[in-house]
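By this note's numbering, the letter at position 320 of the sequence shown is numbered 320, and the numbering carries on one by one without gaps.
Glycine included, every Cβ here is placed at the ideal spot set by N, Cα and C.
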Amino acid sequence: MRVVIVTESFPPDVNGVAHCALQTARHLVDRGHAPLVVAPATSPRFSASPDQGGTPAGNGPDALAPCPVVRVPSIPLPGYPQVRVALPSRRVAAAITEHRADIVHLASPFILGVRGMAAASRLGIPAVAVYQTDLAGYARTYISAGEATAWRRIRSVHAAADRTLAPSSAALGDLEAHGVPRVRLWARGVDTARFRPAHRDEALRRELAPNGELIVGYVGRLAPEKHVELLSGVCGLDGVRVVVVGDGPSETTLRGALPGAVFLGRRTGHDLARIFASLDVFAHTGPFETFCQTVQEAMASGVPVIAPAAGGPLDLVDHGRTGLLVPPDDADALRDAVRTLAADPALRAAYGAAGHATVEGRTWAAVGDQLIGHYEDVLSARKLVAA
Numbered sequence: 001m002r003v004v005i006v007t008e009s010f011p012p013d014v015n016g017v018a019h020c021a022l023q024t025a026r027h028l029v030d031r032g033h034a035p036l037v038v039a040p041a042t043s044p045r046f047s048a049s050p051d052q053g054g055t056p057a058g059n060g061p062d063a064l065a066p067c068p069v070v071r072v073p074s075i076p077l078p079g080y081p082q083v084r085v086a087l088p089s090r091r092v093a094a095a096i097t098e099h100r101a102d103i104v105h106l107a108s109p110f111i112l113g114v115r116g117m118a119a120a121s122r123l124g125i126p127a128v129a130v131y132q133t134d135l136a137g138y139a140r141t142y143i144s145a146g147e148a149t150a151w152r153r154i155r156s157v158h159a160a161a162d163r164t165l166a167p168s169s170a171a172l173g174d175l176e177a178h179g180v181p182r183v184r185l186w187a188r189g190v191d192t193a194r195f196r197p198a199h200r201d202e203a204l205r206r207e208l209a210p211n212g213e214l215i216v217g218y219v220g221r222l223a224p225e226k227h228v229e230l231l232s233g234v235c236g237l238d239g240v241r242v243v244v245v246g247d248g249p250s251e252t253t254l255r256g257a258l259p260g261a262v263f264l265g266r267r268t269g270h271d272l273a274r275i276f277a278s279l280d281v282f283a284h285t286g287p288f289e290t291f292c293q294t295v296q297e298a299m300a301s302g303v304p305v306i307a308p309a310a311g312g313p314l315d316l317v318d319h320g321r322t323g324l325l326v327p328p329d330d331a332d333a334l335r336d337a338v339r340t341l342a343a344d345p346a347l348r349a350a351y352g353a354a355g356h357a358t359v360e361g362r363t364w365a366a367v368g369d370q371l372i373g374h375y376e377d378v379l380s381a382r383k384l385v386a387a
């Protein structure tokens, strides 16, 4: 199967969309398929053309990619330079045509994905759209309006796809409530070899909490929509040390809002896995998660989770068994949940063990095979219509 993955983000970007697109490409290669990735350029000086296969030589950003990558010119998002937005380009349609795609995979389509959808429709190629980002929620956060406009955009591109894949029950419900047809559930995998309790590091724990404090960690972007400032009450608890992993436009503000917290910046790979496993509690604060991969990584690491009772975490956290769900945007409830777990080591251990057992079978290989099943369903349906 020849697949073109049109994604709004791809490594070296560090976010859920980029990570899922990378894992999808890897799995397709592993299963003998031929993927091609189309993604925004990482910087203005980078422009790999389709006739070069998109894969730069040497130490370029795609040197370790599992398949060819076509980069489309992009610009940084104003006020948030870590996010790049693709510019209009003919490279999308050219890449789909030259790759002789059987199917187009649209990862969190909004800008680049719209062009990918238009090209697929024009060429008569089936498309699967993967919903991953609560853009309507972000619109409320950043511009205090625009939610209806965001949903019109989402509905337009997803309605044109042969199938939309939602990462959680909440996301599926939102899409159907806003008139998106042909929606199916497709969750995300987790690297259970990398994220596991065995990576707990006592030396790191002594470094982060030299007085033996309970370590409460947050991992993710430091941006307004994540509401990391809700951890301020946790910072005031006796015997608790808050550790923040990630970067973003809110970092300076958060350093002032979270007294005593340790900021580790962006971490990846084994270093990130070691940090996850060394936490006592993982606390997520963002209410706009369509899935929330960091919750799943914490569970794989054997760490009890506290998360908002909204969006993706509703599917991931079994309240009272693998962690605790709290009302969104409620700093007091978050603080009280941490206090409950801090006072009961046996409860923390039980939640952590149950969480690890819950996600152990959710490998990227398992969910990747489910994705290929969705591709096959869509291709079969197209053939029936053509017949």
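- Item | Contacting residues, own chain, Cβ-Cβ under 7 Å from VAL378 (five flanking each side not counted) | ILE103, PRO126, VAL128, ASP162, ARG163
- Message: Can you look up THR42 in the DSSP assignment and give me helix, strand or coil?
- Response: coil
- Task: Could you pull out every residue in the same chain whose Cβ sits closer than 8 Å to the Cβ of VAL367, ignoring the five residues on either side in sequence?
- Result: TRP186, ALA187, ARG188, GLY189
- Does DSSP put PHE276 in a helix, a strand or coil? helix
- Message: Considering just the uninterrupted stretch of the beta strand (DSSP E) at ILE154, what are its terminal residues?
- Response: Unbroken run through ILE154 is the alpha helix (DSSP H), 147 to 160; no beta strand (DSSP E).
- Item | Rounded C-alpha distance that separates PRO44 from LEU22 | Bear in mind that a pLDDT of 49 at PRO44, under 50, signals an unreliable position, so the number given afterwards is only what the model happens to contain. If I take the Cα positions, the gap works out to 22 Å.
- the region 234 to 253 touching the region 163 to 174, judged by at least three CB pairs closer than 8 Å: no
- Query: Which first and last residues belong to the beta strand (DSSP E) in which ILE96 is found?
  - Reply: Taken as a continuous stretch (DSSP letters only), ILE96 belongs to no beta strand (DSSP E), being part of the alpha helix (DSSP H) at 91 to 99.
- Item | Rounded distance between the beta-carbons of PRO313 and HIS284, thought under 8 Å | 7 Å
- VAL3, buried or exposed, once every other Cβ within 10 Å from all chains shown has been counted against 16: buried
- Message: DSSP three-state label for SER74, please.
- Response: strand
- Do PRO66 and VAL29 have their CB atoms nearer than 7 Å? yes
- Task: Any chance you could list the alpha helix (DSSP H) runs of at least 4 consecutive residues sitting entirely within the region 155 to 232, in chain order?
- Result: 169 to 177, 202 to 208
- Task: Flag this pair as yes or no: are the beta carbons of VAL240 and GLU207 separated by less than 7 Å?
- Result: no
- Closer than 7 Å by C-beta to VAL338: which residues in its own chain qualify, once you throw out the five before and the five after it? Chain order, please. VAL216, VAL234, LEU237, VAL240, VAL281, ALA283, ILE306
- Applying the criterion that 16 or more other CB atoms from any shown protein chain within 10 Å of the CB defines a buried residue, is LEU334 buried or exposed? buried
- Query: Between the beta-carbon of ALA300 and the beta-carbon of PHE195, is there less than 7 Å?
  - Reply: yes
- Task: Might you give, ordered along the chain, the residues of its own chain that have their beta carbon closer than 7 Å to the beta carbon of ARG267, omitting 5 neighbours on each side?
- Result: VAL245, ILE275
- Query: Hey, quick one: how far does the beta strand (DSSP E) through LEU324 stretch, first residue to last?
  - Reply: 323 to 326
- Message: DSSP has ALA34 in a bridge; who is on the other side?
- Response: ARG2
- Task: For PHE291, I'd like the list of residues in its chain whose CB is within less than 6 Å of its CB, leaving aside the five on either flank, ordered along the chain.
- Result: PRO167, SER168, ARG188, GLY312
- Excluding the five sequence neighbours on either side, which residues of its own chain have a C-beta within less than 8 Å of the C-beta of THR358, listed in chain order? MET299, ASP318, THR322
- Message: What does the Cβ neighbour count give for GLN52, buried or exposed, with the cut at 16 atoms within 10 Å?
- Response: Note that GLN52 has pLDDT 32, beneath the 50 cutoff, so the model's placement of it is unreliable and the number below is only indicative. Result: exposed.
- Message: Pull the bridge partners of VAL243 from the DSSP assignment, please.
- Response: GLY217, VAL262
- Task: Have a look at ALA160, GLY352, ALA119 and flag the residue whose alpha-carbon is nearest the alpha-carbon of VAL130.
- Result: ALA160
- With 16 other CB atoms within 10 Å as the buried threshold, where does PRO78 fall? exposed
- Where does ARG84 fall in DSSP's three states? strand
- Task: Could you name the residues that DSSP lists as bridge partners for LEU106?
- Result: VAL6, ALA129
- Opposing strand residues paired with HIS319 [DSSP bridges]: GLY323
- Task: With a cut-off of 8 Å on the beta carbons, I'd call VAL92 and VAL72 a contact; round off their distance for me.
- Result: 7 Å
- Task: Find the nearest neighbour of ASN15 within the set LEU222, THR97, PRO197, judged by alpha-carbon distance.
- Result: LEU222
- Below 7 Å between beta carbons: does that hold for PRO210 and GLY302? no
- Which two residues bound the contiguous alpha helix (DSSP H) that contains ILE372? 364 to 386
- Query: Should ILE111 be labelled buried (16 or more other beta-carbon atoms within 10 Å of its own) or exposed?
  - Reply: buried
- Local Cβ density within 10 Å of ALA346, reported as buried at 16 or more and exposed below that: exposed
- Message: Which residue marks the beginning of the alpha helix (DSSP H) containing PRO308, and which one marks its end?
- Response: Here PRO308 belongs to no alpha helix (DSSP H); instead the beta strand (DSSP E) covers 305 to 308.
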